Structure formats: structure tokens, C-alpha cells
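Down below is the structure, laid out as C-alpha cells.
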Amino acid sequence: MQPTLEPGDRVLVRRLGRKTAPCLGSVVVTWHPQRSKLRLIKRLSRLDSRGLWLLGDNPGESTDSRQLGAVPTNLLIGEVVGRLPRGKSEQSR
Amino acid sequence: MLRSALSALACALPAPVAEAHCDGPCGVYDPASARVAAEAVLSMTKKLKAMEAPASGDAAAMAAYNNTFGRYVAIKEEEAQKTKKELLILWTDYFKPDHLATFPDLHDTFWKAAKLCSACKVNIDQAKAEELMAAVEKIHGMFWQSKGRSDAWVTAS
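Below, the structure written as C-alpha cells:
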């Protein structure tokens with residue numbers, strides 16, 4: 001998700017219920033559609049009947065809906081509302 | 094002061110990890126999926142070549158023939174496209190620039206293999222289908238060599 005997020009960044013996530021749709025263009029956290037214990041953080045580019053279409057901000061390096069397809073909406077965990085300031089130790093991680 | 098204390102506290106709290114690059118953790122790559130599709134292309138090509146048109150005047154036999162022929166062509170088309178897709182995933186997602194040092198012909202190999210997928214769609218050409226299998230076998234070799242393994246090339250048919 002560079003340049004928006006760096007490895008080790010801490011973000012605040014607002015959990016979303018089934019009835020609340022995340023905003024298009026926001027960064028969201030979801031469960032991985034094929035790996036049950038892996039959380040993904042990606043930007044929401046589209047929302048349709050098939051689910052969430054997620055794209056990384058760093059397309060050259062990202063594995064996202066281009067490979068994974070739509071992520072079912074029930075796998076959505078929440079929407080990122082902010083990033084904590086980077087401490088010196090965080091930056092070096 | 095308060096702000097930095099709060100952020101230090103927030104950073105010290107445990108938090109689950111979310112991956113932006115699931116390439117590593119979820120990267121299950123295997124040229125076997127391309128091989129299975131390429132084998133299907135070769136198989137359908139052989140079946141199409143072996144088909145014999147029924148005698149003229151037998152409408153029912155002609156309809157059955159046309160139907161089977163159409164199905165075989167559709168499957169050949171679909172599997173060739175699948176082979177291409179699987180190869181492109183290996184090419185663009187699995188292989189990284191540093192692999193070029195070991196395999197200087199990496200791009201050329203994939204490019205030619207992808208073109209063979211198209212040739213197998215355009216024609217009913219067993220030689221092209223066999224060339225495609227050989228190209229997938231070469232990629233299989235490169236892939237496993239890049240992982241420091243030497244998995245045997247085994248086909249289903």
C-alpha cells in the first residue's frame with residue numbers, strides 16, 4: 001500500500017456492520033478470500049453485487065482483486081479511519 | 094507531549110496484522126495448472142483431428158457431429174486461454190527481475206509460450222499443441238529450479 005502506508009504502520013479501523021457500506025476510495029481491512037487467517041488492507045475501488053473490488057496503491061507489487069476477484073462483502077472487517085504517527089522505531093521496521 | 098505519549102501508548106498496544114502484500118503469504122504458484130490446461134489443449138486437438146464427418150444425407154448424424162465438433166473446439170479454446178492466463182500469472186506475479194540473471198531468456202520463453210496458446214486457438218494444429226507442452230515443460234523446469242527444487246515433469250495423460 002505504498003506510498004499511503006509503510007510496512008509496520010499502525011492504523012485505526014472502524015468496524016462496519018453488515019448494513020454499513022464502506023466508502024469507495026477508502027482503505028479497508030478484509031479477510032483474505034482464500035486464506036482464512038489472513039487480513040488484507042487495500043483500497044476499495046468498486047462495490048457491486050459480486051462484492052468488494054480491492055486494489056493496492058502500489059499496483060506493481062500488489063496482489064489484489066486483479067488476481068483474487070471480488071472479495072465477498074461478509075469478509076469486510078472495517079474501514080481505515082486514520083494512521084497513527086510513525087515513531088522512529090516504527091519507521092525502521 | 095500528551096499526543097506523543099498517547100501515540101506511544103497506542104503503538105505499544107497489541108494489534109492484529111493486516112497484509113498489503115499477500116503475495117508472500119498467499120503465493121501458491123505451481124506451473125501444474127498451466128500444464129493441465131495445455132494437456133487439455135493437446136487432447137482436444139487430437140480428438141478434433143480424429144473426428145470423421147458422417148455420410149451426407151444423414152441429418153441426425155451430421156447434427157451430432159457438428160455438436161461434438163463445436164464442443165471440442167470450445168473446450169480447446171477455453172483451455173488454451175486458461176493456459177495463457179496461468180502462464181501470465183507465473184510470468185508477471187511469480188517471477189521477479191532478479192530471476193532474469195538466472196534465466197536470461199525468461200521473457201522470450203513466456204512470450205513465445207503465450208503466442209503458442211493463441212496459435213492453438215486459431216488452428217487445429219497438433220504440432221503447435223506439442224510445442225506448447227514443451228514450452229510449459231521448460232517453464233516448469235525454470236520455476237522449480239528457481240525454488241531450488243527439481244520436481245519431475247509428470248503429465249496426466
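In order, the protein sequence lines correspond to chains Z and L. Numbering-wise (our numbering), the first sequence opens with residue 1 and increments by one. Numbering-wise (our numbering), the second sequence opens with residue 94 and increments by one. We put the CB at the ideal spot given by N, CA and C, even for glycine. Note that the structure is predicted; figures quoted are calculated from it, not measured.
Determine the DSSP secondary structure at residue i, reduced to helix, strand or coil.
| i | result |
| --- | --- |
| Glu42 of chain L | Within the shown structure, residues of chain L are numbered from 94 to 250, placing residue 42 of chain L beyond reach of any answer. |
| Leu94 of chain Z | For chain Z, the structure presents residues 1 to 93; residue 94 of chain Z sits outside this window and is missing. |
| Glu79 of chain Z | strand |
| Ser65 of chain Z | helix |
| Gly30 of chain Z | Per the sequence shown, the amino acid found at residue 30 of chain Z is Thr instead of Gly. Strand at Thr30 of chain Z. |
| Arg35 of chain Z | coil |
| Ser45 of chain Z | strand |
| Gln2 of chain Z | coil |
| Gly51 of chain Z | strand |
| Arg86 of chain Z | coil |
| Glu170 of chain L | helix |
| Cys181 of chain L | The question names Cys, but residue 181 of chain L in the sequence shown is Leu. Of the three classes helix, strand and coil, the one that applies to Leu181 of chain L here is helix, per DSSP. |
| Val134 of chain L | helix |
| Ala113 of chain L | coil |
| Val121 of chain L | coil |
Quick check: residue i and residue j, are their CB atoms within less than 8 Å of each other?
| i | j | result |
| --- | --- | --- |
| Leu44 of chain Z | Pro22 of chain Z | yes |
| Leu99 of chain L | Thr176 of chain L | no |
| Glu179 of chain L | Ala249 of chain L | no |
| Leu16 of chain Z | Leu76 of chain Z | yes |
| Ala167 of chain L | Cys210 of chain L | no |
| Leu199 of chain L | Met144 of chain L | no |
| Leu24 of chain Z | Val80 of chain Z | no |
| Ala103 of chain L | Leu5 of chain Z | no |
| Glu61 of chain Z | His192 of chain L | no |
| Thr202 of chain L | Ala220 of chain L | no |
| Lys214 of chain L | Glu170 of chain L | yes |
Could you list which residues in chain L have their beta carbon closer than 7 Å to that of residue i, in chain order?
| i | result |
| --- | --- |
| Arg83 of chain Z | Simply none; closest approach about 11 Å. |
Could you list which residues in chain L have their beta carbon closer than 8 Å to that of residue i, in chain order?
| i | result |
| --- | --- |
| Val99 of chain Z | With chain Z represented from 1 up to 93, any question about residue 99 of chain Z goes unanswered, as that position is not in the structure. |
| Arg10 of chain Z | Ala103, Cys104 and Ala108 |
List the residues of chain L that residue i touches, going by C-beta distances under 9 Å, in chain order.
| i | result |
| --- | --- |
| Leu5 of chain Z | Ala113 |
Run through chain Z and tell me which residues come within less than 8 Å of residue i, C-beta to C-beta.
| i | result |
| --- | --- |
| Asp186 of chain L | Thr63 and Gln67 |
#### Entry: Proximal residues, the stretch 39-63 of chain Z versus chain L, C-beta separation under 9 Å
Along the stretch 39-63 of chain Z, going in chain order, the ones with a CB nearer than 9 Å to a CB of chain L are Arg39, Leu40, Ile41, Lys42, Gly56, Asp57, Asn58, Glu61, Ser62 and Thr63.
### Query
Would you say the stretch 123-142 of chain L touches the stretch 217-232 of chain L, given that touching needs at least three Cβ pairs under 8 Å?
With contact defined as three or more Cβ pairs closer than 8 Å, the stretch 123-142 of chain L and the stretch 217-232 of chain L are in contact.
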